[in-house]
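One structure is given here, and the rest of the page talks about it.
6 protein chains.
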Amino acid sequence: MRILVVNVNTTAAITEAIGEQAAGAASPGTEIVALTPAFGAESVEGNYESYLAAIAVMETVRAYPEPFDAIIQAGYGEHGREGLQELFDVPVVDITEAAASTAQFLGRTYSVVTSLDRTVPLIEERLHVGGLSARCASVRASGMAVLDLERDPDAAVEAIAEQAARAVEDDRAEVICLGCGGMSGLAERVVERTGVPVVDGVTAAVTIAESLVRLGLSTSKVRTYAAPRPKRVLNWPPKLG
Amino acid sequence: MRILVVNVNTTAAITEAIGEQAAGAASPGTEIVALTPAFGAESVEGNYESYLAAIAVMETVRAYPEPFDAIIQAGYGEHGREGLQELFDVPVVDITEAAASTAQFLGRTYSVVTSLDRTVPLIEERLHVGGLSARCASVRASGMAVLDLERDPDAAVEAIAEQAARAVEDDRAEVICLGCGGMSGLAERVVERTGVPVVDGVTAAVTIAESLVRLGLSTSKVRTYAAPRPKRVLNWPPKLG
Amino acid sequence: MRILVVNVNTTAAITEAIGEQAAGAASPGTEIVALTPAFGAESVEGNYESYLAAIAVMETVRAYPEPFDAIIQAGYGEHGREGLQELFDVPVVDITEAAASTAQFLGRTYSVVTSLDRTVPLIEERLHVGGLSARCASVRASGMAVLDLERDPDAAVEAIAEQAARAVEDDRAEVICLGCGGMSGLAERVVERTGVPVVDGVTAAVTIAESLVRLGLSTSKVRTYAAPRPKRVLNWPPKLG
Amino acid sequence: MRILVVNVNTTAAITEAIGEQAAGAASPGTEIVALTPAFGAESVEGNYESYLAAIAVMETVRAYPEPFDAIIQAGYGEHGREGLQELFDVPVVDITEAAASTAQFLGRTYSVVTSLDRTVPLIEERLHVGGLSARCASVRASGMAVLDLERDPDAAVEAIAEQAARAVEDDRAEVICLGCGGMSGLAERVVERTGVPVVDGVTAAVTIAESLVRLGLSTSKVRTYAAPRPKRVLNWPPKLG
Amino acid sequence: MRILVVNVNTTAAITEAIGEQAAGAASPGTEIVALTPAFGAESVEGNYESYLAAIAVMETVRAYPEPFDAIIQAGYGEHGREGLQELFDVPVVDITEAAASTAQFLGRTYSVVTSLDRTVPLIEERLHVGGLSARCASVRASGMAVLDLERDPDAAVEAIAEQAARAVEDDRAEVICLGCGGMSGLAERVVERTGVPVVDGVTAAVTIAESLVRLGLSTSKVRTYAAPRPKRVLNWPPKLG
Amino acid sequence: MRILVVNVNTTAAITEAIGEQAAGAASPGTEIVALTPAFGAESVEGNYESYLAAIAVMETVRAYPEPFDAIIQAGYGEHGREGLQELFDVPVVDITEAAASTAQFLGRTYSVVTSLDRTVPLIEERLHVGGLSARCASVRASGMAVLDLERDPDAAVEAIAEQAARAVEDDRAEVICLGCGGMSGLAERVVERTGVPVVDGVTAAVTIAESLVRLGLSTSKVRTYAAPRPKRVLNWPPKLG
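Residue numbers (this note's numbering), protein chains in the order written: chain D, 1 to 241; chain L, 242 to 482; chain H, 483 to 723; chain P, 724 to 964; chain A, 965 to 1205; chain W, 1206 to 1446.
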């Protein structure tokens, strides 16, 4: 089984980290292919960048030349999952939804801890679209930008653990979803600080994608995610480079 | 005052019709500039096309060389309004939200009648994001594709009036929002058939945009719609043609 | 176009202030007529006074001898808008709903800052009835009574600005609606303190009423707001004076 | 214990019927006093009439010269209960809320069957304000006006039983609340037709009012229902006759 | 009229206290029979114990040899009320729902103050199932275990009054429901501290059960609470002792 | 890895069918152990039987002598999952929640088709408790009792396929969850009839349980699902046989 894990930003180091994380959770026999979009922002922290990423992810998968069995969109709180479901027949898993869906099996409520305050609304909307808001205790921001997470992982881990602890104590969260990239030691530190299970979206998404493939299930094409109707599309996709 | 009214599809005839409709509702002294996106689908009827339109509309406005006072996104149930609000300082009005917001001043409940069944979920999501779902009685599809509306306006008017009548009788709607383009005689026919007020999104959006400008109000930049942070954006915007 | 702007209390000085505010927002050619109810409380700060105001406003408009094109009910969080919609054919705009509806075009969430704590529930109910609760972050009270606002405007402005700042910081509001009368400098002070757009209900209502008239739209009479059925009404309206 | 049961319309025959119904449900030692408002419509079937009734009921209770222990507002889906709670210290029970609250102890869901279609929204709003919507399966109209119920009780009973049966079968109601006056045999006929418990608002309200008095409980005066603040009220109450 | 009041734990002293409380609220002619389950935990503070109590209460009522007119399940936030409704024809009243339903007649919002933090979710779920969440301001825990309430009533009263005061001030509750056993002086102390009405579930349930019996109303058997279908039940009920 | 799959009824043939279905979905290296409760009803179709099953399942797992890695509660819409989470440290997966959670990755909305009408409310409550209601289009009953499904599978398949088709057409479901036992050919027939993905709760639960174990995740013990406090439990568990 081959699963495409598509980063939403154009920073190759992040794609690589995501790919390693995904591979670590994959079953024997599952090949993880991590892809970087051919255009877009070096980090995605707002609606404009997220809409751009949505389209970039779709075109990146469209350009992938080999067959594949499932797609994971590896951005937290991003636009675009519905478009992938229209364009392809294989299952599509968004990591925000994968994390929340997994968290719901572990505790009565969960919170998400993310990077910047401005991405909180994007995550809230994605959880709503996913039908996963009812048990969400809160979405909290650590105040660290995506690229800062890479630059100063120690400070990032501390800021995130602090917000996780407040989610458990003040917002009554019983599980924490990490809404940010794969820093080494992050999950361990949050578990240690809060005593609650910590869910990572990428690894959760890998197990869900594998499960759907094994069960022979894929996207319903009956209405919302039917393939686009044949029509003229002007000046698209763009010629890059 | 200059208001940009941006079509979401690349069919120039539709842009022209929208522009005329908008101009008809504008106050003396308001200049309406109707724009067609430089790339994208000839009609927008699903998530992939809508995400593509979202980005195309943003780039089209970015490329517009003159100053302007407000932006109207003239597509029903489309993605992208939040991105425009990040990129620009002037007010941004989505026609789906403009119609619903106006309808709420006219009756206790409203229904939207749109083109294809597959666009119903997109409209429902947009109304949710806009906080305008509570008084929405239903979103109904006429079964006519966007371009069919142009090709056989008589059949389209009949199919839309039929769904409007069912919304009033079965779903207890008290106002109808037209979720499709500017066919001549459409609103009149629906009023005649149902006896309830009929709201057109484009004209409603023009009056709202003018009002916001006159009141000196514009998008809050404090959190969700703050300008994108300065960063490297790879291979974008594309070179077209 | 003539728009009736009806105060809900019997304090003529407040009627005058509301009238000036409304006139300042009106288009050339719009005549604003500000009316004081013939009976009722000198300020409206609770359910009994608000129910009384509801009826007083309706009778006041009924007694107005000239033709008019729209009605604005200029009280924050008051009962009665639905009754006006039954009695008259022209559009009716409630300032609580006008402010919230306008705020939703400016930010993802809004808060209302009002006078006394006891009027908070009235405003919350009015927003619910208006279908405008989903994006309401909070309704906050400054603790100043309506007539105190007139007597000590400096203290009032400070108390209101303080609550507005807390709404933006603690409740994540991105827009502030002013749920209290027209003190000079209030909006400016709140903008200065919070950095977010500030919406005044009276001016917002004027632009909405004008827009509905220009678009040829009025109240749906199909069900909820149908004219009262002909019947015997005992001892009403009362003989005053 | 003395309980005031206040009709909302000015038809004395209806007041008398309500009073008899209430007396039939009262405990030994409870005196039921049925009151007709001194002004208002002969039947209440819409917002204008209901707002007028709200004020008329308040003034009627205010003018009652003897002490009393509780107030029942005996109109279905009417405005005003909150005002009574402000003006008086004794418990206030609205029959719409009494019926729904009682029905919730009898089945998982309930429906209300009322007179005219135009009163459905009023009942829905009252149930919302009362926090009693979650288990409401539907509010259905029989199409009979209030005074028609008096004039042709056989047809009324049949029309109401028909809607009750549809509520049970189509809307999955498990209890029926009768949202209309006390026709002889009505409850029996609906029980016979549907096989589900039938709740009458007036009798339910009597038992609730008695219970509150016996438990020594009354309206909370801490915020929403605090007594009106002392202030000047102009031209009110009116001089009648 | 005979009402069974069934404790959910196996501590006889608590059964006795509940029985006295119930008897104090009963009308002349009502016999209160307080029952202790034949198996289960000495206090119920979590899901396992509550599910066990649910079954124990049902079997305890099944084993009761005399006729009876109503059943009160006297545990706060416990499972099982729906099962009792299936097994018996007489009305069943849960004290959590009785308290909330009564509180809604007294103030716009209510809070529940209970024993341990871990029982908060159970109460929240029960209020949801009862359709009584909309006006619930909060469920707060005093941190005192059920048996501690018996052992150190003074400290318990203080801890509960403290949370009640915070509910009124911070959560805007206007009524307090006591979600814990009958300590002498508790209600008085909370009224004194907060100034709001305080509702006790057991006494509220007695008046509701009496009212349903007097009105001739009982559980709807049309769907959810129909009697169990005849079938083989293995090894149940167990032989005790 | 060993997963316990616990039937909720005492019919051994159903336990066997569930076990085979589970084994068919398990990864190599996963051992499925199917258990029948030691007491309870031969089929579970209502609240009393479901509460009894809840306790029976808990005691059955408690009595299981070997170590295990996860528990699946294999009944549709049953009580008890929260109790298992308190009693054990390993992950607990309810099949109702597993099916819905899986369906949400496949389509915008899903419907459940179950056996008898009386179990619909139980499934709706379980989906609510699981935070999985928002995308649930409907829960429909085929009218076939659980044991009838075994006796006349052809009629059962036809009745279920019919309701599935109506869910897709009338309720706009895009995925079907089968809320009833493992009849051969059922899923295939429903896919064939409706063209939408069909999710079986048992197989979905197996993949979720395996995923949680592989990811090293288990139930949060911080609040709702903390182990029961040490205390005296009277006469329990019962001596059977």
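Just so you know, even glycine gets a beta-carbon here, dropped at the ideal spot from N, CA and C.
In this text the structure is predicted, and so the values were computed from the model without any measurement.
Taking 8 angstroms as the cut-off, the Cβ atoms of Glu-809/P and Gly-528/H count as close. Chain order gives the chain W residues near Ser-101/D as Ser-1306, Gln-1309 and Phe-1310, where near means a beta carbon separation below 8 angstroms.
Between the alpha carbons of Pro-814/P and Leu-909/P lies a distance of about 29 angstroms. Rounded to the nearest angstrom, the Cβ distance from Ile-296/L to Tyr-51/D is 6 angstroms, consistent with a contact under 8 angstroms.
Where Ser-856/P is concerned, there is no enclosing beta strand (DSSP E), because DSSP gives it neither an H nor an E. One alpha carbon belongs to Ala-137/D, the other to Asp-152/D, and they sit about 28 angstroms apart.
Taking the Cα positions, Val-120/D is about 15 angstroms away from Ser-43/D. Closest in alpha carbon position to Ala-507/H, among Val-684/H, Glu-498/H and Thr-706/H, is Val-684/H. Between Asp-1299/W and Ala-1239/W, the alpha-carbon positions lie close to 14 angstroms from each other.
By DSSP's assignment, Gln-73/D forms a beta bridge with Val-6/D and Asp-94/D.
Taken in chain order, the members of the region 758-777 of chain P whose beta-carbon sits within less than 7 angstroms of a beta-carbon on chain H are Ala-761, Phe-762, Gly-763, Ala-764, Glu-765, Ser-766, Glu-768, Gly-769, Asn-770, Tyr-771, Glu-772, Tyr-774, Leu-775 and Ala-777. At the C-beta level, Glu-1156/A and Val-945/P stay beyond 8 angstroms of one another. Nearest in C-alpha terms to Gly-698/H, of all of Val-454/L, Thr-343/L and Arg-413/L, is Thr-343/L. Look at the region 1212-1287 of chain W and you find these whole runs of beta strand (DSSP E), each 3 residues long or longer: 1236-1240 and 1275-1279. According to the DSSP secondary-structure assignment, Arg-1104/A is paired through a beta bridge with Val-1077/A. A Cβ of chain L is located within less than 8 angstroms of the beta carbon of Arg-696/H.
Here Cys-421/L is not bridged, per DSSP, to any residue. The three-state secondary structure of Asp-1376/W, taken from DSSP, is coil. The region 494-504 of chain H makes no contact with the region 734-742 of chain P: fewer than 3 CB pairs, one atom from each, lie closer than 8 angstroms. Per DSSP, the unbroken alpha helix (DSSP H) holding Val-1407/W starts and ends at 1406-1419. A contact between stretches requires three or more CB pairs, one per stretch, nearer than 8 angstroms, and the region 140-152 of chain D meets this requirement with the region 2-14 of chain D. Taking Glu-933/P as the centre and dropping the five residues before and after it, the same chain places the C-beta of Met-724, Ile-726, Ala-749, Ser-750, Thr-753 and Ala-793 closer than 8 angstroms to its C-beta, in chain order. Between Asn-730/P and chain H, the shortest Cβ-Cβ separation is not below 8 angstroms.
Cys-1382/W is positioned such that its CB atom lies no closer than 8 angstroms to that of Ala-1268/W. No residue range can be given for Asp-634/H, since it is assigned to no alpha helix (DSSP H) and is classified by DSSP as neither H nor E.
If you look at Ala-428/L, you'll find it in the alpha helix (DSSP H) that goes 427-435. Taking 8 angstroms as the cut-off, the beta carbon of Val-1266/W is found closer than this to the beta carbon of Phe-1293/W. Neighbours of Arg-600/H across chain P, judged by C-beta separation under 8 angstroms: Arg-946, Thr-947 and Ala-949. Between Phe-550/H and Leu-453/L the beta-carbon gap is near 25 angstroms, outside 8 angstroms, which marks them as no contact. With contacts defined as CB atoms closer than 8 angstroms, Ala-890/P and Val-929/P fail to qualify as a contacting pair. Taking CB atoms only, Ala-748/P has a neighbour in chain A less than 8 angstroms away. The beta-carbon of Leu-1354/W is placed no less than 8 angstroms from the nearest beta-carbon of chain A. With a threshold of 16 other beta carbon atoms within 10 Å, Asp-411/L falls short and is exposed. Counting every other CB atom within 10 Å of its CB across the protein chains shown gives Ala-637/H a total below 16, marking it as exposed. With a threshold of 8 angstroms between beta carbons, Gly-683/H makes no contact with chain P.
For Pro-1435/W, the number of other beta carbons within 10 angstroms of its own is below 16, and it is reported as exposed.
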